[in-house]
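Residue numbers (our numbering): 771 to 1023.
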Amino acid sequence: MASFLINTKAEFLKSRRTLAYRVAFIAGVAMPVLFMIAYILKPGAFNELASIPWEFHMKNVWQFGAAFFPMYVTILASLVVQTEYRNNTWKMVYMQPRSHADIFFSKFVVIQLLLLASLLLYNLAILATGYIANIFHSNYAFFQKAPPLEMMLRLTARMYIASLCITAIQYWFSLRFRNFITSMGLGIGLTIVAFIILQWDKVVYYPYAYPALTYFKAGQVKGLATHEWNSLAGAATALLLGFWNIARRKERG
């Protein structure tokens, strides 16, 4: 375990030289900042901010955040893995005194840490942008109303769980295909399909629709929804299949 933690830290530091860090930061602030600008420039279009500011702000931000979340996960997984392909260092990685499991799961943990960091930043950005918008327009009620922190944390936790299966699948794709465009194209294509079949009664079995389902069902289900349990099970399955597939490949990198 100590060796795994050390190697995971090394992988995390290695990822700092990639675009993954910048993408995680941009994803964490982009949507709240865009809506803040809209609130400031067009105050007459957002009357709800005078009565239910935080709920309305969260609804706006997460509506688009949930839609783009699978694409963000796709990009993040690809960027973390592609550093080895781009630098042609996979053979060097496998020559180190590390097990295949150590290599496989340490990179996956790095993706999870970046994902969690961007989600935390997303919540902080929601709070900050709400208060900043209120400074420009005193009729907004962000300062008068307490932010629903429990609701924010609950939704964030469920959104993270909903993304786990997508993350595992995209991580597998990113390892399996040397070409960055292939794994990215698969992820984006599967996300587009999710928009098309979102009203289908069997959509709970389609991982790329899970973040959107969590957004729509967050206030309807106590505990985890069916698709969120499916995400946990799917993530475990995809990780095991991905590890088996990558470990038995004769050519690596």
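For glycine and all other residues, C-beta sits at the position ideal for the given N, C-alpha and C.
None of the values given here were measured: they were computed from a predicted structure.
Apart from the 5 residues on each side of it in sequence, Phe912 sits with its Cβ closer than 6 Å to the Cβ of Pro823, Gly900, Tyr901 and Asn904 in its chain, given in chain order.
Between the region 885-897 and the region 798-817, the count of C-beta pairs closer than 8 Å reaches three or more; the two stretches touch. In terms of CA proximity to Thr853, Arg786 leads the group Arg786, Ile807, Ser888 and His907. In the structure shown, Thr853 falls within a helical segment according to DSSP collapsed to helix, strand and coil.
Shown here, Phe839 sits in a helix according to DSSP, grouped into three states. A contact between stretches requires three or more CB pairs, one per stretch, nearer than 8 Å, and the region 943-963 fails this requirement with the region 1000-1011.
Secondary structure of Ser953 (DSSP, three-state): helix.
The count of Cβ pairs closer than 8 Å, one atom from the region 934-945 and one from the region 874-892, reaches three, so the stretches are in contact. In this structure, Leu994 keeps its C-beta atom at 8 Å or more from the C-beta atom of Arg924.
Residue environment for Tyr809: buried (at least 16 other C-beta atoms within 10 angstroms of its C-beta). In the DSSP annotation of this structure, the continuous segment of the alpha helix (DSSP H) that includes Val880 starts and ends at His870 to Phe906. Between Gln940 and Ser953, the CB-CB gap stays under 8 Å. For Leu804, the uninterrupted alpha helix (DSSP H) run begins and ends at Ala790 to Leu811, by DSSP.
In the same chain as Thr788, and ignoring 5 residues on each side of it, the C-beta atoms closer than 8 Å to its own belong to Leu849, Val850, Gln852 and Thr853, in chain order.
With a threshold of 16 other beta carbon atoms within 10 Å, Val963 falls short and is exposed.
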